[in-house]
Each structure stands twice: as C-alpha cells, then as structure tokens.
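**Student:** Taken in order, the sequence shown gives residues 2 to 205; the numbers are from my numbering.
Glycine included, each C-beta is placed from N, C-alpha and C at the ideal position.
All values reported here derive from a predicted model rather than from experimental measurement.
Here it is: the structure, laid out below.
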Amino acid sequence: MQTRKILTLVGGISSGSLNQKLFQVARDLSPQGYELIGDDIQKLPFFSQDLENDPPDIVAAFKNKIRESDAILFITPEYNRSIPGVLKNAIDWGSRPYGQNLWKRKPAATMGASIGNIGTYGAQHHLQDVMAYLDLCTMAQPEFYLNGSKAFNESGKLIDQNVKKLISNFLTSFVNWIEFIAPEDAKSPGLHKSEGLEDSPFTH
Ligand code: FNR
C-alpha cells in the first residue's frame, strides 16, 4: 500500500510557534501508512484575482500539493477569534479560479494551540465555516483544543505526555475518518478524487 499524504497547513509562522511545535509532534506520530506533509505557506504571495488564471510557480506547486494529497489537516493559532491571514491566503489560493476548488471533498480536520484557555476554539470554528463552504469533509469529533503554554519546553519538546496521547488518538480518529470518506481501495473514484464532480454521492 502506498503511503497516503496528509497535507498539513500550519497558521503559526513565528520562530517559536506553538502550532509549529504541535505539527512536529504530530508528524512524528503519523499513523502507519500515512505521512504528514507541511508547506511554507508564508512564502505564497497574497491572493489576487489578477493572478488566479496564471499563478506564479510557487502557487502552482502548492496547488499540485493539494491535488496530490489524500487529506488536509489545518493546525491553527487563534488571531482575534479567527485564523491568521497567512492561512486564509493559502485557502483562498486553493479555492480558485471559480469552479476549480481543489479542497472539494477532501477529508479534513482541524487542530490548534494557543496560550489562552479556550485553546483556539474560536479560530477552529471560524475555519470550519470556511471549510463547509469549500466542501471539505471535516471530521467533527474528536475536537482538539490545546492550551500550549505549558505543554512544550524551550526546545519545543512536548513535556506533557497526556497531550501526546491526545494527539495520537486524534490522528488515529482522523485516519479512520479518511478511510471512511475516501477509502484507498474504493472502486468508485472516491470523494477525494472527485474534482469536477458536482453531485457525487458518498462512496463508503
Ligand atoms: C493572538 N492570540 C490570541 N489567543 C487567543 O486565545 N485568542 C485570540 O483571539 C488571540 N488573538 C491574537 C491575535 C494576534 C494578532 C496575536 C499575535 C496573538 C495569542 C496567540 O494564541 C498566541 O500568540 C499563540 O502562541 C500564537 O500561535 P503560534 O504563533 O505560537 O503558533
């Protein structure tokens, strides 16, 4: 069986980003048969409709990465009760030009870490609204909200083993969700490969 790819987009881009640390830990815990693949979304230019039909190479490469991925994982900080602009910018690129929404029918999930007690609840729910509009198939449970202020040490190592278990359980659930929505051995195209299909039924 080929390793299946989970494109993981992280909205935190600062050098000490908690969400990047969360990504590193999650990547190391990738379930068997799956790998979490990142992307430097901060290098993408700002989305403009002037560029959408003939995007710069870096955007074209990003779009190919979406096409080739089996699922999408967003790991986001909370900025003013929403997601950072850098993440929204990447999402907008993948959604255009009109009629060529690359997110459509991909299995997806959200995680997030903040320094606040509600651990990105506001950001993830804002994001899930966008994901519903883009026709991503978002896993509803389990949810993952992390107050990351005490979870990692200075060098980014996870020091709370309960959190490690939560991350592991979350990823196992996500893989089950991916297999449910878009099974590897589906005889029909599978929702994740249904680009261009407007009314494709669920295939599980
Ligand atoms: C924040 N932060 C924040 N935290 C929160 O729980 N709710 C919020 O609405 C906000 N808003 C917000 C806006 C802006 C512009 C910044 C810079 C920060 C704090 C935020 O959770 C904290 O900085 C995280 O550590 C950011 O994630 P990374 O960069 O560490 O991954």
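Please state whether DSSP places Y99 in a helix, a strand or coil.
**Tutor:** Y99: coil per DSSP, three-state reduction.
**Student:** Buried or exposed for Y134, please, with buried defined as at least 16 other CB atoms from any protein chain shown within 10 angstroms of its CB.
**Tutor:** With fewer than 16 Cβ atoms within 10 Å of its Cβ, Y134 is classed as exposed.
**Student:** Between N90 and L45, which are expected to be in contact by the criterion C-beta below 8 Å, what is the C-beta distance as a whole number of angstroms?
**Tutor:** The Cβ separation is near 6 Å, so the contact holds.
**Student:** Which same chain residues end up closer than 6 Å to F203 when comparing Cβ atoms and leaving out the 5 residues on each side of it in sequence?
**Tutor:** With a pLDDT of only 31 at F203, under the threshold of 50, the placement of this residue in the model should not be trusted, and no figure is reported.
**Student:** So for K44, helix, strand or coil by DSSP?
**Tutor:** Note: K44 maps to helix in three-state DSSP.
**Student:** Ordered along the chain, which non-local residues of its own chain (more than five positions away) have a Cβ less than 6 Å from that of D200?
**Tutor:** Confidence is the limiting factor: at D200 the pLDDT is only 36, short of 50, which leaves the residue's position unreliable and the question unanswerable from this model.
**Student:** Rounded to a whole number of angstroms, what is the C-alpha to C-alpha distance between L23 and G100?
**Tutor:** Their backbone Cα atoms lie some 34 Å apart in a straight line.
**Student:** What number of angstroms, rounded off, separates the C-alpha of L147 from the C-alpha of L88?
**Tutor:** Taking the straight line joining both Cα atoms gives about 18 Å.
**Student:** In the DSSP assignment, what residue or residues form a beta bridge with N1?
**Tutor:** Look at the range of the chain in this structure, 2 to 205, and you will see that residue 1 is not part of it.
**Student:** If I follow the unbroken alpha helix (DSSP H) through F63, where does it start and stop?
**Tutor:** Per DSSP, F63 belongs to the alpha helix (DSSP H) from 58-69.
**Student:** Which residue from Q162, W178, S15, S150 puts its Cα closest to that of Q142?
**Tutor:** Selected option, being the one with the closest Cα: W178.
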